[in-house]
Amino acid sequence: MAPVRPAPAHRSAGDRRRALWARPFVGPQAQGRQPRLLRGRGGRGAGALAARPVVRRRGGDERVRRLDLVRGRAGGRHRAGRPRRRRRPIRGHGAARLDGTGGGRPAAARTADATAGCHREGPAGGAACGRRARDAGRDPSRDRSRPRPVPRSHAGARAGPDPRRGLGAPAPRPPRHPPAQPLPPVSAAPPGPPLRAGERIEVTVERAVYRGQGLARHHGQVVFVPRGLPGDRLRVRVASVTPGYVKAEIEEVLAPASGRTEARCPHFAECGGCAYQHLDPRAQAALKESVLLDALRRAGTAWDHAIPVRPSPPEGWRTRATLHVEQARAGVRLGFHREGSHQVVDIERCLQLSAPMMAAARGLRDALAARPGIGRAVRDIELAESFDGRQLVASLETQLDPKQAAGAASLADDVPGLTGLGVVAGEGKRRRFLLLRGDAHVGATVHGIHLRAHVQSFFQANRFLVEALVQEVLDRTPAGGSVLDLYAGVGLFALPLGRRAEEVRGLELSPTAVEDARANAEAAGLSQVRVHHGNVREMAAWAPRADERIVLDPPRTGAGAEIVRLVAARRPASIIYVSCDPPTLGRDLKFFAAEGYLPDSIAAFDLFPDTFHLEAVVHLARR
7 MAPVRPAPAH RSAGDRRRAL WARPFVGPQA QGRQPRLLRG RGGRGAGALA ARPVVRRRGG
67 DERVRRLDLV RGRAGGRHRA GRPRRRRRPI RGHGAARLDG TGGGRPAAAR TADATAGCHR
127 EGPAGGAACG RRARDAGRDP SRDRSRPRPV PRSHAGARAG PDPRRGLGAP APRPPRHPPA
187 QPLPPVSAAP PGPPLRAGER IEVTVERAVY RGQGLARHHG QVVFVPRGLP GDRLRVRVAS
247 VTPGYVKAEI EEVLAPASGR TEARCPHFAE CGGCAYQHLD PRAQAALKES VLLDALRRAG
307 TAWDHAIPVR PSPPEGWRTR ATLHVEQARA GVRLGFHREG SHQVVDIERC LQLSAPMMAA
367 ARGLRDALAA RPGIGRAVRD IELAESFDGR QLVASLETQL DPKQAAGAAS LADDVPGLTG
427 LGVVAGEGKR RRFLLLRGDA HVGATVHGIH LRAHVQSFFQ ANRFLVEALV QEVLDRTPAG
487 GSVLDLYAGV GLFALPLGRR AEEVRGLELS PTAVEDARAN AEAAGLSQVR VHHGNVREMA
547 AWAPRADERI VLDPPRTGAG AEIVRLVAAR RPASIIYVSC DPPTLGRDLK FFAAEGYLPD
607 SIAAFDLFPD TFHLEAVVHL ARR
């Protein structure tokens with residue numbers, strides 16, 4: 007191979023040799039992803055780390071044939087009549103390593119070449135001048151794929167593997183900056199030998215972490231043990247090994263933790279519906295408080311006070327449940343997923359459900375087994391029960407076509423306790439709920455207000471603590487003024503607040519829930535409560551009130567940085583944040599702190615006893 011040389015400053019008509027031209031490449035992204043190449047003409051943006059030259063070879067007839075070693079030809083094609091040549095690495099140039107110490111030129115040198123000719127300084131560095139990164143003497147009129155400038159701010163970034171697998175080129179000029187130094191490792195290797203799947207070890211659980219797991223250590227290696235309790239001395243088997251931690255399963259409890267008891271449910275060992283049924287209620291409340299405090303601390307939220315958890319009766323508390331359906335050789339399975347898998351555990355009795363709900367579930371399971379044509383199309387069954395137990399509605403998540411869904415109406419004949427039966431059928435935009443029998447709504451009375459809720463609408467599942475949850479929100483919201491209720495649902499908070507506030511405006515994305523909320527407000531005679539259908543981002547178009555208070559009850563994923571900024575931009579007098587997920591709560595409270603809102607009270611409610619979920623109500627005041 008002829009050596010690579012820069013093009014002359016001038017170009018004659020007969021000289022068809024092209025200068026070296028640069029193309030940026032992209033280093034490894036976060037979380038272990040492999041490097042990827044920019045496609046298109048050149049590249050720009052935060053992903054472009056540096057520029058690399060592309061080698062051009064001369065053919066035997068002195069005509070230049072370009073080998074684009076970065077992008078390659080689409081589909082692997084080459085010029086007609088020219089045989090494809092094997093690409094061999096240039097001697098002395100190895101592939102760049104992840105730490106920037108491998109072969110090839112330093113990232114700083116590559117960036118210096120890419121930004122050659124730029125002399126102006128500014129906030130954007132070398133990219134501010136806007137000139138193309140090319141060699142002297144390059145003819146712009148003949149260049150149809152010139153690269154874009156590489157921001158100088160990326161010159162010190164860590165280099166990624168050379169996508170050309172060893173191909174490189176000597177530097178046309180010395181680097182302007184010293185070579186990049188190797189980055190230190192992300193984490194030091196544990197002192198002990200690495201664990202392997204199937205290995206058996208003994209550990210002591212140090213503390214509880216979210217999602218019902220215990221955290222232990224073995225020779226410095228983090229071990230997560232599902233259903234491990236703080237203080238447990240366990241013999242475990244390593245189930246999986248992941249960089250940074252391993253997961254293990256309990257084989258034997260060598261020394262139990264304080265508060266560990268026998269689980270009341272025979273399915274507890276395999277069912278994923280409960281996480282702490284083997285822990286007595288008092289110890290369970292203390293454990294959940296520690297998990298909440300730990301989530302706030304890890305997120306950087308300043309809170310050093312105790313957060314007492316209000317307990318709930320552990321049995322029959324659910325008014326809403328989603329049961330999974332699975333076809334098996336022995337028949338239809340109906341229940342919750344097995345711990346750590348999607349296999350369904352068939353359940354005869356779930357302590358979370360009331361007796362009427364469990365009877366309806368078993369009746370539907372037997373009815374689906376007797377109708378295999380319909381049973382194979384059902385994936386989930388959603389049950390909703392009124393607080394007084396007089397109404398019970400079932401909704402089937404199916405793969406049926408809407409025209410075939412009517413055949414499922416006969417299932418209600420085998421389940422006499424149902425007051426309503428519907429199916430969700432269709433695909434894509436045509437997917438919708440179809441009521442087959444009875445009424446799709448169930449009722450609840452909260453603070454003297456009757457609320458109806460569709461089986462497809464969200465409603466708090468715990469029949470015992472809903473009153474206390476709403477009362478906490480009322481206590482933190484002064485009377486009078488204006489209230490903005492985000493994620494309003496069927497009006498669980500908006501309607502009780504409407505009795506105390508001059509105006510309540512709600513936003514809810516679910517059209518079914520909006521219909522319920524409007525019907526509930528009309529039935530209660532609360533004309534000052536208006537619930538609008540739309541995304542919560544639409545609040546940006548509403549003029550803020552001078553005395554506005556905001557209540558938000560987001561889903562488990564939390565509000566997020568964008569919604570937090572929109573809420574804080576309205577400068578409300580106070581904010582009430584209702585959360586069912588401690589990690590996302592801690593994250594969002596950190597966002598609120600950056601906007602000038604800090605918590606001055608936090609209350610916790612065990613709306614989901616025996617599970618790892620926890621409800622919290624946070625009052626934020628402007629500082």
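Heads up: the sequence shown runs through residues 7 to 629, numbered per our numbering.
Virtual Cβ for every residue (Gly too), placed ideally from N, Cα, C.
Other residues of its chain near residue i: CB distance less than 8 Å, five sequence neighbours each side excluded
i	result
alanine 527	Gly497, Ala500, Leu501, Gly504, Ser533, Val535, Arg536, Val537
glycine 6	Absent from the model: residue 6. The displayed extent of the chain is 7 to 629, so no value can be given.
glycine 381	Val331, Gln333, Val338, Leu374, Ala375
alanine 312	Glu295
glycine 204	Arg243, Val244
Residues bridged to residue i (per DSSP)
i	result
glutamate 208	Arg241
glutamine 227	His224
phenylalanine 611	Arg316, Glu621
arginine 355	Beta-bridge pairing links arginine 355 to no other residue.
proline 578	For proline 578, which the question treats as bridged, DSSP gives no partner whatsoever.
isoleucine 709	The structure shown does not extend to residue 709, since the chain is modelled only from 7 through 629, so no value can be given for it.
aspartate 491	Gly512, Val557
serine 585	Ala622
leucine 329	Ile387
histidine 311	DSSP lists no partner for histidine 311.
glutamine 219	Val215, Pro232
glycine 449	Arg458
glutamate 258	Arg241
asparagine 468	Arg324
glycine 341	His330, Asp352
alanine 431	Arg438
histidine 538	Leu513
valine 476	Bridge partners of valine 476: none, in fact.
leucine 604	Ala627
serine 246	Lys253
Whole-angstrom C-beta distance between residue j and residue i, which should lie under 8 Å
i	j	result
serine 488	aspartate 553	6 Å
leucine 492	isoleucine 556	7 Å
leucine 370	valine 421	6 Å
glycine 322	phenylalanine 618	In fact, because the Cβ distance is near 20 Å, the residues do not count as touching under 8 Å.
tryptophan 677	proline 605	Residue 677 is absent from the structure shown; the chain starts at 7 and stops at 629.
arginine 438	alanine 525	About 20 Å; that fails the 8 Å criterion.
glycine 406	isoleucine 387	Strictly speaking, residue 406 in this sequence is leucine, with glycine absent from that position. Contact flag wrong, Cβ pair sits at about 14 Å.
proline 236	arginine 266	Proline 236 to arginine 266, Cβ: 10 Å. No contact.
Beta-carbon proximity list for residue i, same chain, < 6 Å, skipping 5 on both sides
i	result
lysine 294	Val315, Leu620
phenylalanine 611	Arg316, Leu471, Leu475, Glu621
threonine 325	Glu391, Ala467, Arg469
arginine 239	Thr210, Leu260, Ala261
leucine 389	Ala327, Met363, Ala400
alanine 567	Phe597
threonine 404	Ala383, Val384, Val429, Ala431
valine 252	Leu201, Val229, Val244
glutamine 358	Arg324
isoleucine 455	Leu501, Ala530
aspartate 559	Tyr493, Val584
serine 607	His625
serine 463	Val496, Thr518, Ala519, Asp522
leucine 427	Ala400, Ala418, Leu442, Arg443
alanine 609	Glu478, Val623
Close-in-space but distant-in-sequence residues of the same chain around residue i (CB under 7 Å, 5 per side omitted)
i	result
valine 570	Asp594, Phe597, Phe598, Glu601
glutamine 35	Unreliable positioning characterises glutamine 35 in this predicted model, as indicated by a pLDDT of 39, which lies under 50. The coordinate reading is nonetheless provided below. Nothing meets the Cβ criterion.
histidine 273	Val351, Ile353
leucine 572	Arg543, Met545, Ala546
threonine 425	Gln397, Leu398, Val399, Gly444, Asp445
glycine 395	Ser360, Pro362
glutamine 283	Ala269, Arg270, Cys271, Phe274, Asp616
histidine 539	Glu514, Pro517, Val520
C-beta neighbour in chain D for residue i, strict 8 Å
i	result
alanine 500	Reference to chain D is not applicable here, since this structure consists of a single protein chain.
Original post:
Is the segment 299-307 close to the segment 315-323, with three or more CB pairs under 8 Å?
Top reply: Short answer: they don't touch.
Subject >> Validate contact between the segment 278-285 and the segment 334-346 using beta carbons, cut 8 Å, 3 pairs >> reply: Under the Cβ criterion (8 Å, minimum of three pairs), the segment 278-285 counts as touching the segment 334-346.
Subject >> Inter-stretch contact at 8 Å, needing at least 3 Cβ pairs: the segment 467-478 / the segment 607-625 >> reply: In this structure the segment 467-478 touches the segment 607-625; the number of beta carbon pairs closer than 8 Å is three or more.
Subject >> At least 3 beta-carbon pairs within less than 8 Å: the segment 256-269 vs the segment 571-583 >> reply: Contact fails: fewer than three Cβ-Cβ distances are below 8 Å.
**OP:** Any chance you could list the alpha helix (DSSP H) runs of at least 4 consecutive residues sitting entirely within the segment 371-406, in chain order?
**Re:** Restricted to the segment 371-406, the alpha helix (DSSP H) segments that are unbroken, complete and at least 4 residues in length are 378-381, listed in chain order.
Original post:
Taking contact to mean at least 3 C-beta pairs separated by less than 8 Å, is the segment 356-373 in contact with the segment 327-336?
Top reply: Counting Cβ pairs under 8 Å, three or more are found: they touch.
Subject >> Validate contact between the segment 365-383 and the segment 413-426 using beta carbons, cut 8 Å, 3 pairs >> reply: Output reads yes: the segment 413-426 touches the segment 365-383.
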